[in-house]
Ligand code: 9MG
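Numbering (our numbering), first residue to last: 194 to 475.
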């Protein structure tokens, strides 16, 4: 990847000449406080505002859980959860908003509301998603996964080394996007930690992430609080931050330019410290 690269994300230019942090904002029912949608919208705004103040370059808004075992939601329901939050983040905070969705309707509506990026864990494979993404004019993060959230962690296996499987899949998705008219300058890639992968797959994939740099597109990674940390360190979800910081550091060292995390402030420090050392070698 060109070390001075930047990405046009709607009205925002995202400088990717150094690693950036993406703050996670889930707007699924389990993340709403029980005071109703109005209170929830206000909670979401305050939470996003805090993450931006802590140094997040963008906020990733998601209305459908992609946790292992999660059931899909209808496009209508997803849109009702996501659209008011995107609109408020853009209008009130002028934030760079990424929308975590696989749904064409949500892509179109979010772009119209001023979102700056599409984060699709299904890599635009859903019917109509590629056309919607092209029409949005926004950059798109393509992520590797095997299976669907409902069943993806039931004994995942690969016939080739995990980094080769992931690189082959992502290269094929890039080729399909380009063939349809989505320019490569608008693409980011994500190995999809935890999406149809055992702990061993995840650890090896991070170790060999340099393989994905060969695709010469910006790399985004999400490992924050994931079960790979819980399993290695035997920690519940609320005690996984130190493990997550170690993984963020390693990911930056192996070429990641965007870290998708819950804990923004400590990740910004870890990433900036790591970068201060790495850039001595540039
Ligand atoms: C929505 N979501 C959950 N985990 C993710 C990950 O690892 N990467 C991306 N791009 N999105 C994710």
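Positions of the beta carbon are idealized from the N, C-alpha and C atoms, including for glycine.
**Asked** Between which two residues does the beta strand (DSSP E) harbouring residue 334 extend?
**Response** From DSSP, the beta strand (DSSP E) with residue 334 extends over 333-336.
**Request:** Would you check if the distance between the CB atom of residue 291 and the CB atom of residue 251 is smaller than 8 Å?
**Result:** Yes, Cβ-Cβ distance for residue 291 and residue 251 is below 8 Å.
**Asked** Which word fits residue 226, buried or exposed, when buried means at least 16 other C-beta atoms lie within 10 angstroms of its C-beta?
**Response** Annotation note: pLDDT 46 at residue 226 (below 50); position unreliable, no value reported.
**Item:** Between the CA atoms of residue 393 and residue 425 - distance to the nearest angstrom
**Value:** Spanning the two alpha carbons is a distance of roughly 10 Å.
**Asked** How many Å lie between residue 362 and residue 448 at the Cα?
**Response** Spanning the alpha carbons of residue 362 and residue 448 requires a straight line of approximately 19 Å.
**Message:** Between residue 156 and the ligand 9MG, is there a pair consisting of the residue's CB and a ligand heavy atom that are separated by less than 7 Å?
**Reply:** The first residue shown for the chain is 194 and the last is 475, placing residue 156 beyond what the model contains.
**Prompt:** Hey, out of 357, 433, 375 and 379, whose CA is closest to residue 418's CA?
**Reply:** The residue among 357, 433, 375 and 379 with its C-alpha nearest the C-alpha of residue 418 is 433.
**Request:** Answer with buried or exposed for residue 342, where buried requires no fewer than 16 other C-beta atoms within 10 angstroms of its C-beta.
**Result:** Classification of residue 342: buried, given that the 10 Å Cβ count is 16 or more.
**Request:** Check whether the Cβ of residue 213 sits closer than 7 Å to any heavy atom of the ligand 9MG, and report yes or no.
**Result:** Residue 213: no, Cβ never under 7 Å from the ligand 9MG.
**Message:** Does residue 390 pass the burial test, meaning 16 or more other C-beta atoms within 10 Å, or should it be called exposed?
**Reply:** Burial call: buried.
**Message:** Please list the terminal residues of the continuous beta strand (DSSP E) segment that includes residue 206.
**Reply:** From DSSP, the beta strand (DSSP E) with residue 206 extends over 205-208.
**Message:** Quick check on residue 377: does DSSP put it in helix, strand or coil?
**Reply:** Helix.
**Item:** residue 268 versus residue 446 - alpha carbon distance
**Value:** Distance between the alpha carbons of residue 268 and residue 446: 38 Å.
**Prompt:** Span of the beta strand (DSSP E) holding residue 415?
**Reply:** Residues 412-415.
**Asked** Under three-state DSSP, which class holds residue 267?
**Response** In this structure, residue 267 counts as coil in the three-state DSSP scheme.
**Prompt:** Where the beta carbon is closer than 6 Å to any heavy atom of the ligand 9MG, which residues qualify, in chain order?
**Reply:** Taken from the N-terminal end onward, the list reads 255, 259, 293, 312, 314, 334, 336, 383, 385, 386, 413, 415 and 453.
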